[in-house]
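Written out below as structure tokens is the structure these notes cover.
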Amino acid sequence: MTEGAEHTTVDQARDMGLSADEFDRICERLGRIPNLTELGIFSAMWSEHCSYKSSRRWLKTLPISGEQVIHGPGENAGVVDIGDGMAAVFKIESHNHPSFIEPYQGAATGVGGILRDVFTMGARPVALLNALRFGAPDHALTRHLVSGVVSGIGGYGNCIGIPTIGGETHFDASYNQNILVNAMAVGLARADRIFLSAASGVGNPVIYIGAKTGRDGIHGATMASAEFSEEDMSKRPTVQVGDPLAGKLLMEASLELMASDAVVSIQDMGAAGLTSSSVEMSSKGGLGMEIDLDQVPIREKGMTPYEIMLSESQERMLVVLKPDATERAQAIFDKWDLDFAIIGKVTDSGHLVLTAQDEIVADLPLDPLVNDAPEYDRPHEATPPLSPIDNAELVQDMPLSDALKAMLGSHFLASRRWVYEQYDRHVMADTVIESGGDAALVRVHGTNRGLAVTTDCTQRYVLADPYQGAMQAVAEAYRNITATGAKPLATTNNLNFGNPEKSAIMGQIVGSIKGMGAACSALNVPVVSGNVSLYNETDGQAIAPAPVIGMVGVISDIKDAVTIALKQAGETLYIIGQSQDTADGWLSNSVYAHVIAGNDTATAPPSVDLGSEQKHGEYIRHLISQHLVSAVHDIGDGGALAALAEMAMAGNIGVNLTLEAEQLTHGWAFGEDQARYLVASADPTALEAAAARYDINIQKIAMTSDNMQLKLGGSDIISIEELNSVYENWLPELMGSKKQ
Amino acid sequence: MANVAVISFPGSNCDRDIITAVKHITGTDPAQYWHKETSMDKHDLVILPGGFSFGDYLRCGAIAARSPIMDEMMEHVWRGGYVLGICNGFQILTEAGILPGTLMRNKQLQFVCRDVMLTIHQTESNAILAQCKEQMQLQIPVAHNEGNYFADPDTLKKMADKGQIAVTYTNTGAENYNPNGAINDIAGVTSENGRVLGLMPHPERKAEDIHGGQDGRLLLTSVIEAAS
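So the protein sequences, as listed, match chains A and B.
Quick note on the numbering used here: the first sequence kicks off at 1 and runs consecutively.
Quick note on the numbering used here: the second sequence kicks off at 741 and runs consecutively.
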């Protein structure tokens, strides 16, 4: 007899992250006590990571439908219609805990995992993005973690040959012991050739393809569902190891297999490996599955059924083949030198039955595994509202140029070039706009259509006000997509929070989901996929909450797209969404407040007006499509003047501010009021006429010039070279690679 | 126009890109070969694309250089055929002993992806670049982890004497104009007969307006015309 035949205890259940109540619930649903393998399967399926037991009640409230949505949440990735019979397939997913323990492999396998979620649906991945959060720049671990995570992301993405073209990197002391590594992948497929995971056809063969199963990553999903402590560094062996070449072979073979009409359904083995893939495929099809564990390709001898089912070895897929397709499939796998094994078949039993050495080692009804995971309505306490600080308390007496320099040279705004130059941004030769601006843009290969992609979240706003902060994350993503000329289509989200068993954290989760839902509804960008990462706490200290938004938009002709770079002298610059006489702005909880005023307390962030966001967005897309603007930038962190400096540096074009001296306040320059854009136009008359038609407030602020300077009123002048130097040097200096 | 072929290895990831770029220039799809194939038709120009042929877990290009198709490739070289190896393709050519020198890990120990400025050196043994002008300046991106070209002083002298140092990183005055620490700023070298070119930068990534320039297309056109 194998070990699996023994009865388990409540202590073993606890070790696997289940509560005593949950163990009782399992025994009751089964009508008996599970053996070790069975308990392992339950603990993985009922983990927070797989079952969303703390967040599901609230996730259900998010808007998930719209005429553009082909498949919403519940599949491996979301699918939206982008026109011309094509679909964009995308999702974002976290690999936070593994990346802290083993930054290179944690980040690399995060990229590999999200790519599999996308190509599993029959889509060829075309873009990668990542949202990263590290601890304070001067924290002892930060450089080590930045270095490892960035080279891990590059190590996987560069090798597999998908351009990494967007994302964001932020620093905050709350991430000292819990970094965030969220990877997003976007793919393209024919809208009528999307592959789903539901098994069908009783008797159809179940095949295993890809890398062999080893002892790495056992119970990774459970690790991702618990708080961290110092001793967890001993969990290093539970971090999976990535093999991007194997990932590439698996991607090419899977896409070739799907194109050959051999596949009934397909699912990658991600979190909880063979367990979640076999359970999800058979339960979604309303069927059952038999698996002979002796047929599973294994990397080392003597692996127990428990280990085989819970391994998270990378680069593996489970496929239900059409009955006559085995030979065709075999030929494809031989070409790509991939392991291929028939490990079982689809049944109508409603059970997952596992055998090893001709004995049944697990026999579980699928219904309770999938549908009876507890759903908690955890107590939640709303984050108390905070007051803003008056500008008068924040404004410092210094020239605008000095404040601007200090902000551009701070961790909030400094260039991320050191990060993105380690990513291949040009492979596939369809990159139109790459990292460093607002959204990135890739061409739909062989067409003039383009996909705009971005990730956004300003965690200091969310910490202060989860509802407004989450709305702002959606609004900023919407503006970033819009600023390229693309129409925002849909979102994916990665909800990174602390321990949901604490009512204040649960309050952040509830507030954020409500804010996100309101914004996604109002802006018609439904949520089509997502991921939840809870328990981002170490020794009781939770992270600043980060509900990261990934968004995709479409532009019908990439030749119309614009970037943030100023193009030529003699153009007029306007702030869109601001009236001509606006003299002050929202400095509370701004980059200015933190960097210049040294105010690090959480204070009220700027509020979001979704009606203005939509109205201004429509106007901007009109201006771009009519070629009335040559450069567009969303105004976000650092306010209008930071945006202006970024546009000048990107284009190497000077700017002269034309406002009256009394209008050039620090609040005007650095306020972070929302729903605003900065645009450059060679046709101000037409732009102003359109603003009147659209009923939009605009403020004419400057002219572009060829003097390579920012003239900020009076004698306050700073050269673009000097700005560039503080902007570009901060991160290389932090990483100790200023001199190569 | 030259009759062009492209060879793919399991981890090649720029094969589609170079095929697209060649087709834009010649108007026809180049022939494609898989690394396991053991016969190859006669072609004027064979291109080894960029990528990570076998994952680069051993030295880059070392396993690919011993692939079944490489026997046919050697035949093509002995016949005096033209060859362009881009990035990983360059690494394969040095590993196969078709081009001198080797490509080591970048000096800064990081992958690097950005535009660089290149200088073309026109010499009598640069048949493959005969259509380019002497000292022509081209802006083309690199993307590699192992592009730090190295050869011993004797080899370098011999190469210089024979005009094999065909493309260098232009000293623009920027601190990091040479993206990887390559000796003598070498970005690309040719064989003694001038018909084989190994190049670290990716010309197929500056081949259309959306790429922000067409300098790469100009270089590729020169190579294709030379082989025609």
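Don't be surprised by glycine CBs; every beta carbon is placed ideally from N, CA and C.
Here A/GLU290 has GLY344, LYS345, THR347, VAL353 as same chain residues with Cβ atoms under 6 angstroms from its own Cβ, once five neighbours each way along the sequence are excluded.
Taking 7 angstroms as the cut-off between beta carbons, the residues of the segment 405-438 of chain A near chain B are GLU421, GLN422, TYR423, ASP424, ARG425, HIS426, VAL427, MET428, ALA429, VAL432, in sequence order.
Contact between the segment 929-946 of chain B and the segment 406-416 of chain A is absent, with fewer than three C-beta pairs closer than 8 angstroms. Interface with chain B (8 angstroms Cβ-Cβ cutoff): A/GLY154 is included.
With the criterion set as a beta carbon lying under 9 angstroms from some beta carbon of chain B, the members of the segment 238-251 of chain A are ASP243, PRO244, LEU245, ALA246, LYS248, LEU249, in sequence order.
At a cut-off of 8 angstroms between beta carbons, B/CYS827 makes no contact with chain A.
ILE758, THR760, ALA761, TRP774, LYS776: these are the residues of the segment 758-781 of chain B whose beta carbon lies less than 9 angstroms from some beta carbon of chain A, given in chain order. Secondary structure at A/VAL510: helix, using DSSP grouped into helix, strand and coil. Contact annotation for A/ILE558 against chain B: ILE950 [CB-CB distance below 7 angstroms, chain order]. For A/GLU75 against A/SER265, the beta-carbon gap comes to about 11 angstroms, at or over 8 angstroms, which does not count as contact. The Cβ-Cβ distance between A/ILE575 and A/MET649 does not fall below 8 angstroms.
In the DSSP assignment, B/GLN772 falls within the unbroken beta strand (DSSP E) covering 771-774.
Counting only Cβ-Cβ distances below 9 angstroms, B/GLU835 has no contacts in chain A at all, with the closest Cβ about 17 angstroms away.
Collapsing the DSSP output to three states places A/ASN729 in a helix.
One finds ASN158, CYS159, ILE160, GLY161, ILE162, LYS248, ASP424, VAL427, MET428 in chain A with Cβ atoms closer than 9 angstroms to the Cβ of B/ASN753, taken in chain order.
Within chain A, the residues whose beta carbon sits less than 8 angstroms from that of B/PRO881 are HIS426, listed in sequence order. Using a Cβ distance threshold of 8 angstroms, A/ILE298 and A/THR482 do not count as a contacting pair. In the DSSP annotation of this structure, the continuous segment of the beta strand (DSSP E) that includes B/ALA927 starts and ends at 926-930. A/ALA640 and A/GLY577 have their C-alpha atoms spaced approximately 11 angstroms apart. Between the segment 606-614 of chain A and the segment 418-432 of chain A there are fewer than three C-beta pairs closer than 8 angstroms, too few to call the two in contact. Judged by DSSP in its simplified three-state form, A/ARG143 adopts helix. Ranked by how close their Cα comes to the Cα of A/LYS60, the residues A/PHE670, A/ALA473, A/ASP377 have A/ASP377 in first place. Proximity of the segment 558-574 of chain A to the segment 522-538 of chain A falls short of the contact definition, fewer than three beta-carbon pairs being nearer than 8 angstroms.
A distance below 8 angstroms between beta-carbons, with the five flanking residues on each side excluded, links A/VAL554 to the following residues of its chain, in chain order: ILE82, GLY83, ALA88, ARG449, GLY450, LEU451, ALA452, ALA486, LYS487, LEU489. Interface with chain B (8 angstroms Cβ-Cβ cutoff): A/SER151 is included. The segment 758-776 of chain B and the segment 714-734 of chain A do not touch, with fewer than 3 CB-CB distances between them shorter than 8 angstroms. If you draw a straight line from the Cα of A/GLY285 to the Cα of A/GLY203, it comes to about 13 angstroms. In the DSSP annotation of this structure, the continuous segment of the beta strand (DSSP E) that includes A/TYR677 starts and ends at 677-681. Within the segment 441-473 of chain A, contact with chain B at the beta-carbon level (separation under 7 angstroms) is assigned to ARG443. Within the model, the alpha-carbon separation for B/THR863 versus B/THR842 is close to 22 angstroms. Collapsing the DSSP output to three states places A/LYS487 in a strand. Listed along chain A, the residues sitting closer than 9 angstroms to B/PRO750 by beta-carbon distance are LEU245, LYS248, LEU249, GLU252, TRP336, ASP337. Interface annotation, A/SER737: in contact with chain B, CB-CB separation under 8 angstroms.
Neighbours of B/GLY791 in chain A, taken as residues at a C-beta separation under 9 angstroms, are given in chain order as CYS159, GLY161, LYS248, VAL427.
With fewer than three CB-CB distances shorter than 8 angstroms, the segment 432-442 of chain A does not count as touching the segment 744-757 of chain B. Boundaries for A/HIS351: no alpha helix (DSSP H) harbours it, while the beta strand (DSSP E) harbouring it runs 351-356, taken from the DSSP string.
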